[in-house]
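Taking it in order: structure first as structure tokens, then the write-up.
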Amino acid sequence: MAVTETEIVKGIGSDYEVKYGFHVPEDYFFKSGRGLSHELIDAISSHKDEPDWMRKFRHKSLEYFNARPLPRWGGDVSRIDFENIFYYIRPTEKQANSWEDLPADIKDTWDKLGIPEAEKKYLAGVGAQYESEVVYHKLQEDLTRQGVLFLDMDSGLREQEDIVKRYFGKVIPQNDNKFAALNSAVWSGGSFIYVPPGVHVEMPLQAYFRINAENMGQFERTLIIVDEGAYVHYVEGCTAPIYTSDSLHSAVVEIIVNKGGRCRYTTIQNWSTNVYNLVTKRAVAHEDSTMEWVDGNLGSKLTMKYPSIWLLGDGAHGEVLSIAFAGKGQHQDAGGKAVHVAPRTSSVITSKSISKNGGRAGYRGLLEIAKGAHGAKSKVVCDALILDEESRSDTYPYIRIDENDVSAEHEATVSKIGEEQLFYLMSRGLSEAEASAMVVSGFVEPITKELPLEYAVEMNRLIQLQMEGSVG
Amino acid sequence: MAALEIKNLHVALEDGTEIVKGVDLSVNPNEIHAIMGPNGSGKSTLAYALMGHPGYQITEGEILFDGEDLVQMSPDERAQRGLFLAFQYPHAIPGVTVTSFLRSAINAVRKANAGGEDDPIPVPEFRKDLLEAMDQLKVPRELAGRYVNDGFSGGEKKRVEILQMAMLKPKIAVLDETDSGLDIDALKIVAQGVQSLVGPEMGTIVITHYQRILNHIEPDHVHVFLGGGIVEEGGPELAHKLEAEGYEGFSSNGKEPA
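Heads up: the sequence lines are chains A and B, in that order. Following the numbering used here, the numbering of the first sequence begins with 45 at its first residue and continues without gaps. Following the numbering used here, the numbering of the second sequence begins with 20 at its first residue and continues without gaps.
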């Protein structure tokens with residue numbers, strides 16, 4: 045054919061540069077030195093004027109981090125230079141609750157990313173984190189009146205210390221893994237959400253994470269508590285400038301869904317390809333509750349992320365929908381975990397991975413059904429689409445079942461875009477890039493159809509950009 | 020000059036094996052040409068080569084479309100100029116609905132015709148055209164929301180091929196064994212659909228093994244295709260002769276490919 049696969053994909057990143065890859069000059073209120081130390085932790089904690097228990101928690105976490113070896117599975121994290129990273133940058137002295145109150149270049153960044161526009165149209169609340177701090181935060185007033193709390197994590201700790209102290213680090217212990225320990229030591233920003241019993245937050249709450257400085261480390265910390273019969277949909281988006289040296293994003297997200305509640309957590313991760321994205325996400329689902337992770341991974345250099353659900357209550361239901369797209373130089377080690385502890389719990393994990401131009405995308409998952417989880421049901425489907433010979437897909441489905449009267453299904457497929465399929469689409473007038481993008485959009489459709497329209501459109505647009513090249 | 024002019028066309032597989040050995044054919048709007056031949060005679064290879072399938076090499080000859088040589092063009096460029104192929108075995112595109120596929124295809128063609136500028140069809144116009152075409156071809160409405168050819172029956176696939184043709188409004192449509200795998204009712208509907216689309220705006224080449232579809236689509240010209248070439252040409256009566264006598268009466272040696 046006239047256009048080769050290589051030509052299709054060679055333009056990747058050109059659009060990222062314009063849309064997301066820009067950076068603005070640094071004019072910060074406070075920037076820590078490079079590297080990690082107990083002194084740094086004291087500096088962060090003092091800056092934030094934290095209670096003593098949190099300072100101690102941070103110091104202890106740093107000890108855990110130092111004691112743990114780097115993981116030797118998943119992706120290659122051995123090149124992360126922990127001494128070269130800026131762990132804490134506070135861009136502004138105070139948080140704003142109107143966009144106009146932000147410094148011009150920061151406001152301009154959010155304008156370019158379309159966040160104020162999105163807030164007007166379809167969001168119930170917005171948090172915008174720039175480097176280490178949430179610089180803008182707002183929740184619709186009627187939700188505030190209904191008792192919904194949507195704060196940045198630092199404000200959450202100041203204003204709701206009792207709740208935070210009760211749950212913080214309980215779903216994901218500080219020594220859970222090396223990167224959770226790192227986050228626990230140097231965390232800053234992120235969201236704190238509490239939805240009172242019976243309250244349905246109809247429109248999504250969105251948090252937007254932006255790295256601007258080179259060699260930045262962003263360590264947001266999110267805690268969401270959905271009380272009995274309540275509902276919330278939380279969305280996060282992430283972008284960063286393109287630099288030649290690496291940045292690190294290592295978040296921890298803990299979620300508690302109480303009886304009959306439902307939480308949906310949607311991520312559209314579009315970090316630039318110099319960002320290590322090593323995130324721990326875990327939810328506990330109590331009786332008859334529902335937890336859903338919708339996890340879209342399009343950017344980053346390496347992502348290791350396996351959103352997990354512990355089904356602790358009778359009848360709890362969990363879903364993980366994961367998309368991973370790996371282009372040149374990218375490794376997406378994504379997946380999901382479902383742990384069934386209580387009877388009649390159910391889970392569905394659907395993973396779709398796409399790799400092209402030498403990228404590596406995979407599924408790594410755990411399904412565990414513990415003794416006593418009678419009548420548990422689980423289904424794991426992982427499909428991989430490989431777009432060329434240089435690219436790679438891996439599937440690591442771990443399954444452990446300790447109960448008899450349960451049902452567990454696992455399906456996996458690997459496919460390629462066939463020459464015949466492309467010819468068919470091109471014979472209708474679509475260019476090779478358009479035809480490939482159409483096959484890919486169709487492949488991920490079971491997941492994009494679960495997204496609110498605006499995000500589905502954005503996801504499809506991002507996929508199209510990834511597939512273009514000869515055109516752009 | 021005809022809309023589609025095929026001159027001394029030779030087509031070979033990637034390994035060099037020649038399948039089509041010198042074909043001449045001219046097709047205009049308002050004309051129905053039937054190419055009839057047994058399995059393995061090279062009819063489908065001719066169809067694929069016309070559309071630009073990458074697995075077939077044109078080793079000699081020309082394909083002129085409104086005087087422009089298609090041979091170096093990619094399949095999408097050929098489609099954008101008004102050539103269409105109804106596939107014998109249409110491919111499934113999971114996750115892409117018939118509606119969304121059709122809209123994308125129409126918009127791709129419109130964009131090309133607008134010199135590369137986006138010129139999307141207004142949604143109400145698209146909806147109206149689609150519903151009319153579906154009613155005419157008796158395509159069940161629910162098919163519009165299903166994924167292209169994914170789990171379709173043989174008859175549904177063929178009907179959706181003709182639906183695509185009706186929506187894309189090509190100048191010349193090549194129908195590759197569209198009659199195969201259709202029961203008689205489906206065959207009638209498809210044939211009537213094709214017949215109704217042929218007119219001042221469209222001409223067609225109906226490639227078939229059997230006379231059957233020609234009971235419902237009256238061809239203006241019949242070409243008997245054997246051993247990679249056209250061995251005899253005539254009017255509709257030739258199809259009846261074939262039906263009565265079979266292909267044994269013709270030999271690829273009896274008449275050198277024109």
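All C-beta atoms in this analysis are idealised placements derived from N, C-alpha and C, irrespective of residue type, glycine included.
Please decide whether residue i counts as near chain B, where near means a Cβ-Cβ distance under 8 Å.
| i | result |
| --- | --- |
| P490(A) | yes |
| M470(A) | yes |
| M503(A) | no |
| G234(A) | no |
| F467(A) | yes |
| V10(A) | Limits of chain A in this structure are 45 at one end and 516 at the other, which puts residue 10(A) out of reach. |
| G118(A) | no |
| L431(A) | no |
| G55(A) | With a pLDDT of 39 at G55(A), under the threshold of 50, the modelled position of this residue cannot be trusted, and the question is left open. |
| S514(A) | Its pLDDT being 29, under 50, S514(A) is placed unreliably by the model, and the measurement read from it follows with that caveat. Output row for S514(A): interface = no. |
| E51(A) | Low local confidence applies: a pLDDT of 39 at E51(A) is under 50, so the model's placement there is unreliable, with the coordinate-based value given in what follows. Chain B, which has no Cβ nearer than 8 Å to the Cβ of E51(A), makes this no. |
| G486(A) | yes |
| V425(A) | no |
| G473(A) | yes |
| V483(A) | yes |
| E205(A) | no |
Which residues of chain C have a Cβ atom closer than 9 Å to the Cβ of residue i, listed in chain order?
| i | result |
| --- | --- |
| V225(B) | Protein chains A and B are contained in the structure displayed, whereas chain C is not. |
Is any beta-carbon of chain A found at less than 8 Å from that of residue i?
| i | result |
| --- | --- |
| F145(B) | no |
| H110(B) | yes |
| V158(B) | no |
| E264(B) | no |
| Q183(B) | yes |
| S63(B) | no |
| F106(B) | yes |
| G114(B) | yes |
| Q99(B) | yes |
| A124(B) | yes |
Judging by CA-CA distance, which residue of the options is the nearest neighbour of residue i?
| i | options | result |
| --- | --- | --- |
| V279(A) | Y166(A), S316(A) and A382(A) | Y166(A) |
| D195(B) | A31(B), V128(B), A263(B) and L65(B) | L65(B) |
| P441(A) | A456(A), I129(A), G403(A) and A172(A) | A456(A) |
| M335(A) | Y309(A), Y320(A) and E476(A) | Y309(A) |
| Q212(B) | G173(B), T227(B) and L182(B) | Per the sequence shown, the amino acid found at residue 212(B) is Gly instead of Gln. Here the closest residue by C-alpha is L182(B). |
| G174(B) | T197(B), G265(B) and L102(B) | T197(B) |
| H259(B) | I249(B), V241(B), V250(B) and G246(B) | V241(B) |
| P285(A) | C307(A), M260(A), N321(A) and S316(A) | S316(A) |
| D198(A) | K222(A), V239(A) and L267(A) | L267(A) |
| A417(A) | D438(A), E434(A), E478(A) and V383(A) | V383(A) |
| Y174(A) | K138(A), P387(A) and V276(A) | K138(A) |
| G134(B) | R100(B), V158(B) and G114(B) | R100(B) |
| L63(B) | E251(B), F106(B) and M184(B) | The sequence as given places Ser at residue 63(B); Leu does not occur at that position. Here the closest residue by C-alpha is F106(B). |
Below 7 Å CB to CB, which residues in the same chain sit around residue i once its five sequence neighbours on both sides are set aside?
| i | result |
| --- | --- |
| M186(B) | L121, I125, D148, L149 and A152 |
| I445(A) | I413 and A452 |
| G164(B) | T116 and T118 |
| L162(B) | V117, E175 and V179 |
In the DSSP output, what is residue i paired with across the bridge?
| i | result |
| --- | --- |
| Y407(A) | A378(A) and T439(A) |
| K349(A) | V323(A) and A378(A) |
| I82(B) | I25(B) |
| D196(A) | S235(A) |
| F126(A) | Note: F126(A) sits in no beta bridge, so no partner. |
| I77(B) | V30(B) |
| D195(B) | I226(B) |
| F109(A) | Per DSSP, none; premise fails for F109(A). |
| T118(B) | Answer by DSSP bridge pairing: none, since T118(B) is not bridged. |
Can you find the residues in the same chain that come closer than 6 Å, C-beta to C-beta, to residue i, ignoring five residues on each side of it along the sequence?
| i | result |
| --- | --- |
| Q262(A) | I255 and H293 |
| K176(B) | P109 and N168 |
| N219(A) | Y108 and A225 |
| F194(A) | G169, L183, I237 and L249 |
| S357(A) | For clarity, residue 357(A) is Gly in the given sequence; the question names Ser instead. Around G357(A): H330, E331 and A386. |
| E136(B) | none |
Sorted by chain position, which residues of the same chain lie with C-beta nearer than 8 Å to residue i's C-beta, five sequence neighbours on each side aside?
| i | result |
| --- | --- |
| T48(A) | Caution is warranted here: a pLDDT of 38 is assigned to T48(A), below 50, making its placement in the model unreliable, and no coordinate value can be reported. |
Q: Spell out a yes or no on whether the stretch 284 to 300 of chain A and the stretch 221 to 236 of chain A are touching, meaning 3 or more CB-CB pairs, one atom from each, closer than 8 Å.
A: yes
(Q) I want to know whether the stretch 231 to 239 of chain A touches the stretch 144 to 161 of chain A - three or more CB-CB distances under 8 Å. (A) no
Q) Three or more beta-carbon pairs under 8 Å between the stretch 192 to 207 of chain B and the stretch 231 to 242 of chain B, yes or no? A) yes
Q.
So, does the stretch 152 to 161 of chain B touch the stretch 500 to 508 of chain A, judging by three or more C-beta pairs under 8 Å?
A. no
Q.
Within 8 Å, do at least three Cβ pairs link the stretch 128 to 147 of chain B to the stretch 213 to 222 of chain B?
A. no
Q.
Below 8 Å, how does it come out for the stretch 420 to 432 of chain A and the stretch 385 to 400 of chain A: are there three or more Cβ pairs, yes or no?
A. yes
Q | Three or more C-beta pairs below 8 Å linking the stretch 217 to 230 of chain B and the stretch 47 to 56 of chain B | A | yes
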